[in-house]
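Okay, so here's the structure we're looking at.
Number of protein chains: 4
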Amino acid sequence: MSAYSPLSAQLDADTDVDVESTRTEGRRKMEWTLQHMPILQELRARFAETKPLAGETIGMAMHVEAKTANLVELLALGGAEVAITGCNPLSTHDDVSAALDSNENVTSYAKRGVDEEAYYDAIEAVVAHEPTITIDDGMDMVYAIHEDHPDLLDTIIGGAEETTTGVHRLRAMDEDDELQYPVFAVNDTPMKRLFDNVHGTGESALATIAMTTNLSYAGKNVVVAGYGYCGKGVAQKAAGQNANVIVTEVEPRRALEAHMEGYEVMPMNEAATRGDVFVTTTGNRDVITQEDFEVMSDGAILANAGHFDVEINLEELSELAIDTYEARDGVQAYELGDGRRLNVLAEGRLVNLAAPIALGHPAEVMDQSFGIQAVCVRELIENKSSYDAGVHNVPDELDREVAEIKLKAEGVDIDSLTQTQSEYLDSWSHGT
Amino acid sequence: MSAYSPLSAQLDADTDVDVESTRTEGRRKMEWTLQHMPILQELRARFAETKPLAGETIGMAMHVEAKTANLVELLALGGAEVAITGCNPLSTHDDVSAALDSNENVTSYAKRGVDEEAYYDAIEAVVAHEPTITIDDGMDMVYAIHEDHPDLLDTIIGGAEETTTGVHRLRAMDEDDELQYPVFAVNDTPMKRLFDNVHGTGESALATIAMTTNLSYAGKNVVVAGYGYCGKGVAQKAAGQNANVIVTEVEPRRALEAHMEGYEVMPMNEAATRGDVFVTTTGNRDVITQEDFEVMSDGAILANAGHFDVEINLEELSELAIDTYEARDGVQAYELGDGRRLNVLAEGRLVNLAAPIALGHPAEVMDQSFGIQAVCVRELIENKSSYDAGVHNVPDELDREVAEIKLKAEGVDIDSLTQTQSEYLDSWSHGT
Amino acid sequence: MSAYSPLSAQLDADTDVDVESTRTEGRRKMEWTLQHMPILQELRARFAETKPLAGETIGMAMHVEAKTANLVELLALGGAEVAITGCNPLSTHDDVSAALDSNENVTSYAKRGVDEEAYYDAIEAVVAHEPTITIDDGMDMVYAIHEDHPDLLDTIIGGAEETTTGVHRLRAMDEDDELQYPVFAVNDTPMKRLFDNVHGTGESALATIAMTTNLSYAGKNVVVAGYGYCGKGVAQKAAGQNANVIVTEVEPRRALEAHMEGYEVMPMNEAATRGDVFVTTTGNRDVITQEDFEVMSDGAILANAGHFDVEINLEELSELAIDTYEARDGVQAYELGDGRRLNVLAEGRLVNLAAPIALGHPAEVMDQSFGIQAVCVRELIENKSSYDAGVHNVPDELDREVAEIKLKAEGVDIDSLTQTQSEYLDSWSHGT
Amino acid sequence: MSAYSPLSAQLDADTDVDVESTRTEGRRKMEWTLQHMPILQELRARFAETKPLAGETIGMAMHVEAKTANLVELLALGGAEVAITGCNPLSTHDDVSAALDSNENVTSYAKRGVDEEAYYDAIEAVVAHEPTITIDDGMDMVYAIHEDHPDLLDTIIGGAEETTTGVHRLRAMDEDDELQYPVFAVNDTPMKRLFDNVHGTGESALATIAMTTNLSYAGKNVVVAGYGYCGKGVAQKAAGQNANVIVTEVEPRRALEAHMEGYEVMPMNEAATRGDVFVTTTGNRDVITQEDFEVMSDGAILANAGHFDVEINLEELSELAIDTYEARDGVQAYELGDGRRLNVLAEGRLVNLAAPIALGHPAEVMDQSFGIQAVCVRELIENKSSYDAGVHNVPDELDREVAEIKLKAEGVDIDSLTQTQSEYLDSWSHGT
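Shown next as structure tokens:
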């Protein structure tokens, strides 16, 4: 075990904190969200009965808040030992982390606002549990094991990765033949992408921006950088609140898709002159840079809904600025030489997780994503010989299983194919 | 003057409060919102120069937060003495109230969370300034003067009322010949209703509900009670975030309008069986009652976006419940005998003002509404002989003036009628 | 009686026409639309029983097609004699006109494509029936009587006017004290404006343009001139088909409303450089003129959804053009000196009535509008002493009556106010 | 050569037809659509210069109308000999077919309304040209060659298939190892599916239904069967015209996607009780059957937007009906024993191609699809050794090429990745 302490021990050492009431608060948050996570509820019932994860140790680096905590407890209910830390120093809720850490089969190292050294110490502490399965939101756990603990690679069954960015990096690693165990690209399932990215990021990023700024979208020019799943969600929900949406892209087919959807499409430097609110969703760096800051209007709002805080180039903005101050909780104003003020939310980090009032993705949306995580972990254990080292798409039947659980929970019935219909779809020999 | 003290005096007496930093915080909020209130900015410049309100005393009962505070300061800049208190015990921001109270031409009595006695004492304290003009958000000031201070009626020039409910009550009072001075129905202008009610209430109520509950609208059944301007806004913005919207109404033309817009329309008791989230916007009482609670699903969310806290009948809900507890900040859970939990937000008060994280209407939206308030006050003074006692619609030219200021501020140019076109519109003697 | 013959007589004289099969075709059209006009169906049952229009003669100038014909037959069923002609030389369906003319209580003079002289002769022929009530779509009947048959004014009970333009002209006439009998402004009811103008014009104008040009709206810049009810409908439905909508306006409040809805707003001459499709809905003249044609793109589509054919200045376009030809049925191409081709639909006339494939407004929409016409006629007769000469708004109770009939027909139930609720709405004396 | 004659010969033999004016009309249609097909315009310029298809013979079975004809002429301009016939007896425009047939490098056998024998004779006639490349819309050409002309398989370079249904059948054939040459699944590119299926089918099916029935979508319950790309388009555009959309599905993930988008999802037999308009888009048979007809409302409209006419079971409907008659051009009414009338459009065939007023997909949408067809044919020739027998996805670079041509034509600029950004996306070794 690592010298880095679990959160409970850290809190016990802090005489200013009432650990018990902190845990109660954390548990209250978990219960509220569980009420709105019907898939996890159903899987709890199933996992508690069959203990499909018995004997395994799961190492996780994810945003430690109430919804994730319900996934963690589901895994523990399924028979696993779980060690977890955060995947972003600002997204941890200490009360939830403390509540989790009090579960006898769970150890949580996540603490809000830790510095870089403590952040990586906590990852090391999780790795020290010698996980047989990893779950990541951004590939930190996979990376730490491959880079610094290759001895663990033999005993690891597999992993699962939650985000676009993480999957992107895993695929690059896989292409270089560096990935040594199977990892499910949970992010790439239709279930995850459509519901989590489109609806989850779309709604929560915009609600967080609105409640951080007290501004309205009606009549605003909202510039959405990137028209992947997240960008589509932000664009659609902003237009649904009467914004005029402008999309920037680098991929011609996505650009054309946005254009055909009715949005204005243009290069960022042109959009910069028109935008009132900017939301980056590209997963890339330097999406908004000095030449864009130079032409933006006074009062422009800049927020990032992509994984890393590199989309808005804050270094260049800082250099341009003659002054900077907190204009509002979660809003840093950069005053330029000509008096214009550009307002950056949540330090350019993922706004729906890192803003002071951020709650992360809505509960029902994470319910779907985490339901897939749970059945993926079960699949790795049940069919471990089926998966080679490398990135794997989530098998269709797992995805369908989760969709069926959800529809049932929502009271939605659907049709089934008759035998005649199935045969028709399978045949190819009938004429016009 | 009343024995009831202005907020600064009250805070000075409270040794736990750092009055100066409270004021700084309040002023910071005001400055941020002013950045996004271009109409008030322009009117500040104009009023500061011409002092059109010089010599008048304005008594106000409104939600005391940053946006209102910018209206108050505009009126003071225009030469008026202003005394203000809140119109809802839970909507006051003490920091803003303290900042306002430090303006030498303004006295603020508003304090968050006061009890009923203090609430009415504060109104009395404002009346004691002997206002010549009143501005209300719910008719409290007009009512107090007519009921308890008829001696002031002679010297009052007029008033302005902000809300649907207030205007409704004023018109009833006018019909009974009880209204003794002219009051502008600011709520009834197209500018106010379309922009404030539709966009302001629509967006802020939904964002507040989402950020209070951490839930998503996608795929939810959102029941909107009432299809007036507020209801339209809530319905449109909820559908724009992929909710399935169900509307309830009592007026057949509005019901038909909602039906033709594509929403499902049904009686509340039927909607109650289907809804995930309920938002009341009727201005009436008993919109959701016992028979509805009895058929709702476990986990249903109930919020009110109408003026008073009587739309959801909490008395009946309390009687039905076997237990009640705070499930989350701003969320009171009522547990029924069969285990179902119904979750009421912000105690059934106006959710976008009374929820713990509530910020009220977006700044730009209030900018329009308050711009009209300001020019209405100017109009009362400049043309006092033009208006008899009673409710008056805002004259078209005032409404247009504010629209033009706003368009200019947004950089939007529009066409003008040519002389030929004006003549065409005025003529009636040309054939097919 | 006039020397101008009813349609049947005209057709009988034309040996190329099989009058009987023409009537059958017309009746088939009427029956199809009646299937989708539940309000008229219900009123047929009521009027047939009580004959509320017995003894009156109704003179009409309206678009003579299947839906109007069902109104005409309803009036006849109610006991009236009806004489009708068209209100636009291109909107008449001869088969429907022939079917109508064969009803023993109806005389129809409408014939498609008549020249100006015959058009006015037909109006004279209707007037010669000495109507006691007039129904207009554009004020032709009211105008003819006031101008040329003042002797009839004494016996006329009143009239009803269907369109924005007609009402506008009637109000101008009324202001000049020239209007000699009461006319209901059917166009101005919420029922008519919201449903007919927004939904009817919106959908049918766009469908007609799409089916005349075989073009798609997705990704197109659609410029909507005018943001009244018709313009709102066109804008909303075009955006709903993934167009990028640009609005032009002359009224600042409407312009601001469009801006807040999320549309781009700009002067026509700037929009002209961006538009792919232009739809005028202003009711004014010279909305698109030479300076606009000069900057439009090759292939631009120009259509008018306003009452008269003066919105697109075709004279100026003809002067600019070096050649003009029919590019497609209903599409006239104007080739400019630089090779650009501008395509005008339906000669700039009301596109959803005058295009070769045009069907006019959808049946259900006209059902509402004509339901109001019918109850207005009944009201004029039943309460003739209640209405002075001049333009009258449709009384609320008539509007409500039609809304209730429609909701019932659609199977939509709504709530009713309880007594407690009614009292609450009527009272003004309760506090916060 | 086959004994079956090209269209010109057939028309020459018909003394009732003025062949020359028929051709002129067909050419006029082609020119109009070419104006709105910027991709084909650009490719015409490129192909005319480089003649990339020189020496090849292309056999086609597609809907022969103006847009397809522009593809045919592009292929001929590129150097190919082209022989074409229809893929649906009702979708051919004889005038366009005649115009095509007069091109010296093109032979068209397509004639509207031919019987089954002539339909297959025409396919045989195309095969008799011994094509080296096939282009299908429904796999007829591929099937005829494999079944009856295996001798041609050696010389065929490859093919391209336009539709979902065709690709589905080809994949089934491929899985059985029966497909003997490479075929590009044009239907499966993002370009084709998103733009053609979503926007093309969505808009044109709804506009055709509206203009065939003269009904409006506002306030209607529109039931969309199938939530694939076509179904999404129909649902989105119907909701965009204020319909209340109900979706039926058999695949749980698609069903959940529709649910999360905000639509009601239910089995067809339940939807049947609520729908006003039904649109099938599944590609399967028996989607609406007897048990559904039995519960539908009087006046229900049934239309098919899927490839084959088997989605609505007309046999069962005919058996239920006591009478059937043409209620309107393109509308067959089936009267049931209880008086209800169900209205089937275009005999249950693809409504946007087979209805009397149908124009097929909008020009710009087909421009994209046919642009891909053209570059696929070029690719088969240029890189013939790269493709084995079987179904192939369209290579990304071809898809991108067409997207770039389109964006350029629409005047849309987009960003490019900087080198730093490309490197960032390719790397995986940087931390949080």
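Protein chains in written order, with UniProt numbering: chain X, 1 to 432; chain Y, 1 to 432; chain R, 1 to 432; chain F, 1 to 432. Don't be surprised by glycine CBs; every beta carbon is placed ideally from N, CA and C. Keep in mind the model is a prediction, meaning the values are calculated, not measured.
Residues of chain F with a Cβ closer than 7 Å to the Cβ of histidine 361 of chain X do not exist; the shortest Cβ-Cβ separation is about 13 Å. Using beta-carbon distances, glycine 299 of chain X does not count as an interface residue toward chain R, since no partner is under 9 Å.
Counting only unbroken stretches of 4 or more residues, the alpha helix (DSSP H) elements lying wholly within the stretch 359-431 of chain F are 363-382, 396-410 and 419-426, in sequence order. Aspartate 323 of chain R counts as exposed, since fewer than 16 other C-beta atoms from the protein chains shown sit within 10 angstroms of its C-beta. For glycine 219 of chain Y, the closest Cβ of chain F is nearer than 9 Å. Closer than 9 Å to the CB of asparagine 214 of chain R there is at least one CB belonging to chain F. In the three-state DSSP reduction, leucine 100 of chain R falls in the helix class (H, G or I). In this structure histidine 259 of chain Y is not in contact with glutamate 104 of chain R, their Cβ atoms being roughly 38 Å apart against a cut-off of 8 Å. For aspartate 323 of chain X, the enclosing beta strand (DSSP E) starts and ends at 321-328. The C-beta distance from valine 247 of chain F to tyrosine 227 of chain F rounds to 5 Å, short enough to fall under 8 Å. Per the C-alpha coordinates, the member of Y:Glu81, Y:Asp396 and Y:Thr85 positioned closest to lysine 51 of chain Y is Y:Glu81. Contacts with chain X at 9 Å (Cβ-Cβ) include lysine 237 of chain Y. With a cut-off of 8 Å on Cβ pairs, the stretch 214-230 of chain X is not in contact with the stretch 406-426 of chain X, counting fewer than three such pairs. At a C-beta separation below 9 Å, valine 82 of chain R has no neighbours in chain F, since its nearest C-beta there lies roughly 23 Å away. Taking the CA atoms as reference points, glycine 283 of chain R sits about 31 Å from valine 365 of chain Y.
Bridge partners of arginine 193 of chain F according to DSSP: none are assigned. Non-local C-beta neighbours of valine 96 of chain X in its own chain, meaning closer than 7 Å and more than five positions away in sequence, comprise Gly26, Lys29, Met30, Val64, Glu65, Ala66 and Ala69, ordered along the chain.
Following the DSSP letters along the chain, one finds glutamine 332 of chain R inside the beta strand (DSSP E) bounded by residues 331-336.
Residue pairing by DSSP places asparagine 244 of chain F opposite F:Asn221 in a beta bridge.
In the DSSP assignment, threonine 281 of chain Y falls outside any beta strand (DSSP E) and carries neither an H nor an E. Taking 9 Å as the CB threshold, alanine 45 of chain X stays off the interface with chain Y. Taken in chain order, the members of the stretch 245-256 of chain R whose beta-carbon sits within less than 7 Å of a beta-carbon on chain Y are Thr248, Glu249, Val250, Pro252, Arg253, Ala255 and Leu256. Annotation for isoleucine 84 of chain F: the continuous beta strand (DSSP E) segment containing it runs 81-85.
Contact annotation: the stretch 163-170 of chain X does not touch the stretch 179-189 of chain Y, with fewer than three C-beta pairs closer than 8 Å. Taken through DSSP and simplified to helix, strand or coil, leucine 152 of chain F comes out as helix. A Cβ-Cβ contact shorter than 9 Å links glycine 59 of chain R with valine 127 of chain R. Bridge pairing for aspartate 136 of chain X: X:Ala61 and X:Glu161 [DSSP].
Approximately 7 Å separates the beta-carbon atoms of leucine 302 of chain F and asparagine 343 of chain F; this is inside 8 Å, confirming the contact.
Close CB contacts of valine 265 of chain X within its chain, under the 6 Å cut and outside five residues either way in sequence, are with Val247, Ala255, Ala258 and His259 (chain order). One finds Thr248, Glu249, Val250, Pro267 and Met268 in chain R with Cβ atoms closer than 8 Å to the Cβ of aspartate 415 of chain Y, taken in chain order. Counted as a single uninterrupted DSSP element, the stretch harbouring isoleucine 288 of chain R is not any alpha helix (DSSP H), since DSSP gives it neither H nor E. By the beta-carbon neighbour count (other beta carbons within 10 angstroms, threshold 16), asparagine 383 of chain Y is exposed. By the criterion of a C-beta distance shorter than 8 Å, lysine 406 of chain Y is surrounded in its chain by Pro38, Ile39, Asp367, Gln368 and Gly371, once the five residues flanking it on both sides are discounted. A direct Cα-Cα distance of roughly 22 Å separates aspartate 396 of chain Y from aspartate 176 of chain R. Isoleucine 301 of chain R is bridged by DSSP to R:Val277 and R:Asn343. Isoleucine 357 of chain X and serine 204 of chain X have their alpha carbons spaced roughly 11 Å apart.
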